[in-house]
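These notes concern the structure reproduced below.
There are 2 protein chains.
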Amino acid sequence: MARAGLTAERVTIAGAELADEVGLDRVTMSQVARRLGVKDASLYSHVRNLEDLRGRIALLAADEKTVLIAEATAGRAGKDALVAFADAWREYAHRHPGRYTATQTPIQIDPELAAKAPGPRRAVELTYGMLRGYGLTEPDLTDAVRLLRSTFHGFVALEAAGGFGHERSPQQSWTRALDALHALLEHWPPSREGASS
Amino acid sequence: MARAGLTAERVTIAGAELADEVGLDRVTMSQVARRLGVKDASLYSHVRNLEDLRGRIALLAADEKTVLIAEATAGRAGKDALVAFADAWREYAHRHPGRYTATQTPIQIDPELAAKAPGPRRAVELTYGMLRGYGLTEPDLTDAVRLLRSTFHGFVALEAAGGFGHERSPQQSWTRALDALHALLEHWPPSREGASS
DNA sequence: TTGTCTTCCTAGGGCCCCTAGGCTAAAACT
DNA sequence: AGTTTTAGCCTAGGGGCCCTAGGAAGACAA
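Protein chains in written order, with UniProt numbering: chain A, 1 to 197; chain B, 1 to 197.
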């Protein structure tokens, strides 16, 4: 019987493609096997189980997303960098919805596998680097990074969930949100404990 | 055979409890039936199928969350209202993680059922009402609402996914994010088309 | 009491996850 | 080249889940 030339990576890619087409929660071992022209039991030589496959898809996606963001922000600074970063993030989520949702699953990944994936670490560096120009210092820097990531992720998640009505295009709201975040980063409010207005 | 007194609502509640305990994606008809001391086939007299059950959980959660936010923001204005709104949102997500994720699924709900659920409509009204004090006008108002919802949702989603390291408590970042958003709403940048810095 | 409605049951088909064990193509060694 | 070892893919099968079909037995009304 001719061999199919399976490998953990090919299985992961097939799973990622399937995730983008039908949604991450519809990625099953059987479907991935069918797409590869193979019986489902054959996959278990390359991938531990479904959860492992999901983790691999998540790592793949994190790496891809990080690379795109790195390319988009290379050589840019200030608002240019912010917009490039955010647009690359959002575009990845649009282009690869299944992969993107995989990046947001509580990480339950084989540690040894995760160790050789440069994605997450690099993503953190990129975000901090992008903010360097705004002159923030810790702990404001960390807070700003978290705010940006929250907003980017929240926006594309709501967009994907159909959370925005049709009265105004998401693109316009997105552009304005980036304007607003840029303004906010330039005038980051000083830390005051008990002030309320 | 003694009757269990099932009803669509009781089934939904059991599903919601299960979702909070083990995660929404682990809510199965069989598990819900087991929890109710009933065979799984019995549920289909009250709920059309698993997708329908998920939709009902989503509506239940949306209503609960809206009520909590309404109570929290009642009689408040300005930053007080913003913080109360955001804290109620985040607390609901923490207390009911499964229900909360249900609210974020692309809505695939029986329209007739959705029509009698006041949650979504009321939630929109609440958000716009909270922002009234900042004096924004359309379309800035819509953009601001979307930015806030994105940030709130993104923050709790990243928090739930373990997306924040341990170097700084999420609570502190959350407080600072609300400070920042409040400042942003008070000085919402004017709409300028081609300006870049 | 009798009839009707509803609730819950058992039976069963189909898909999915995963393990165990076998066969054979491909690679490694002599 | 011939032989041994490795590894890829297979079939068989158990268990769980979703859902439908049809039956039995409470609850309720006449």
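Think of the CB as a built atom: it goes at the ideal place given N, C-alpha and C, for glycine as much as any other residue.
These numbers were taken from a predicted model, which means no experiment stands behind them.
I'd like to know if residue i contacts chain A, where contact means its C-beta is closer than 8 Å to some C-beta of that chain.
i: P97 (chain B); result: no
i: S196 (chain B); result: At S196 (chain B) the pLDDT is 43, less than 50, meaning the model places this residue with poor confidence and gives no usable figure here.
i: D87 (chain B); result: no
i: L184 (chain B); result: yes
i: T66 (chain B); result: no
i: A62 (chain B); result: no
i: D25 (chain B); result: yes
i: T142 (chain B); result: yes
i: R35 (chain B); result: no
i: T105 (chain B); result: yes
i: residue 219 (chain B); result: Outside the shown range of chain B, which is 1 to 197, sits residue 219 (chain B), and nothing can be said about it.
i: residue 256 (chain B); result: Nothing about residue 256 (chain B) can be reported from this structure: the residues present for chain B run from 1 to 197 only.
i: G15 (chain B); result: no
Grouping DSSP H, G and I as helix and E and B as strand, with all else coil, what is residue i?
i: P139 (chain A); result: coil
i: T7 (chain A); result: coil
i: G75 (chain A); result: coil
i: E64 (chain A); result: helix
i: S197 (chain A); result: The pLDDT assigned to S197 (chain A) is 40, lower than 50, so where the model puts this residue is not dependable, and the model offers no usable value.
i: R48 (chain B); result: coil
i: L53 (chain B); result: helix
i: L147 (chain A); result: helix
i: Q104 (chain B); result: coil
i: E17 (chain B); result: helix
i: E167 (chain A); result: coil
i: A161 (chain A); result: coil
i: L36 (chain A); result: coil
i: A86 (chain A); result: helix
i: G154 (chain B); result: helix
i: V27 (chain B); result: coil
i: H182 (chain B); result: helix
i: S191 (chain B); result: coil
i: H94 (chain B); result: helix
i: A117 (chain A); result: coil
Determine, using beta carbons only, whether residue i comes closer than 8 Å to chain B.
i: S30 (chain A); result: no
i: R149 (chain A); result: yes
i: L158 (chain A); result: yes
i: residue 245 (chain A); result: The shown model of chain A, from 1 to 197, leaves out residue 245 (chain A), and the question about it has no answer.
i: T73 (chain A); result: no
i: A161 (chain A); result: yes
i: residue 209 (chain A); result: Nothing about residue 209 (chain A) can be read from this structure; chain A reaches only from 1 to 197.
i: R176 (chain A); result: yes
i: A180 (chain A); result: yes
i: E91 (chain A); result: no
i: E167 (chain A); result: yes
i: R146 (chain A); result: yes
Can you give the Cα-Cα distance for residue i and residue j, rounded to whole angstroms?
i: T137 (chain B); j: A157 (chain B); result: 29 Å
i: R10 (chain B); j: T127 (chain A); result: 46 Å
i: D40 (chain A); j: G15 (chain A); result: 13 Å
i: residue 199 (chain A); j: R149 (chain A); result: In the structure as shown, chain A begins at 1 and stops at 197. Residue 199 (chain A) is therefore absent and cannot be evaluated.
i: A84 (chain A); j: L178 (chain B); result: 25 Å
i: T66 (chain B); j: L59 (chain B); result: 11 Å
i: L53 (chain B); j: T12 (chain B); result: 6 Å
i: R122 (chain A); j: T175 (chain A); result: 26 Å
i: T103 (chain A); j: A61 (chain A); result: 6 Å
i: G129 (chain A); j: G162 (chain A); result: 32 Å
i: R99 (chain A); j: G135 (chain B); result: 40 Å
i: L131 (chain A); j: V145 (chain A); result: 8 Å
i: L24 (chain B); j: A81 (chain B); result: 30 Å
i: S30 (chain A); j: Q172 (chain B); result: 45 Å
i: A183 (chain A); j: R168 (chain A); result: 22 Å
i: H166 (chain B); j: D140 (chain A); result: 15 Å
i: I57 (chain A); j: H96 (chain B); result: 27 Å
i: G78 (chain B); j: G133 (chain B); result: 6 Å
i: A180 (chain B); j: L147 (chain A); result: 9 Å
i: V124 (chain A); j: R48 (chain B); result: 45 Å
i: A33 (chain A); j: V27 (chain A); result: 10 Å
i: G5 (chain A); j: R35 (chain A); result: 13 Å
i: E51 (chain A); j: T101 (chain B); result: 19 Å
i: S197 (chain B); j: S191 (chain B); result: Caution is warranted here: a pLDDT of 40 is assigned to S197 (chain B), below 50, making its placement in the model unreliable, and the coordinate value is therefore given only provisionally. S197 (chain B) and S191 (chain B): Cα-Cα distance of roughly 13 Å.
i: L153 (chain A); j: A8 (chain B); result: At residue 153 (chain A) the sequence reads His, which differs from the Leu that was named. Their backbone Cα atoms lie some 34 Å apart in a straight line.
Taking 8 Å as the threshold, find out whether the segment 84–104 of chain B comes into contact with the segment 59–74 of chain B through three or more Cβ pairs.
Contact between the segment 84–104 of chain B and the segment 59–74 of chain B is present, because at least three Cβ pairs lie under 8 Å.
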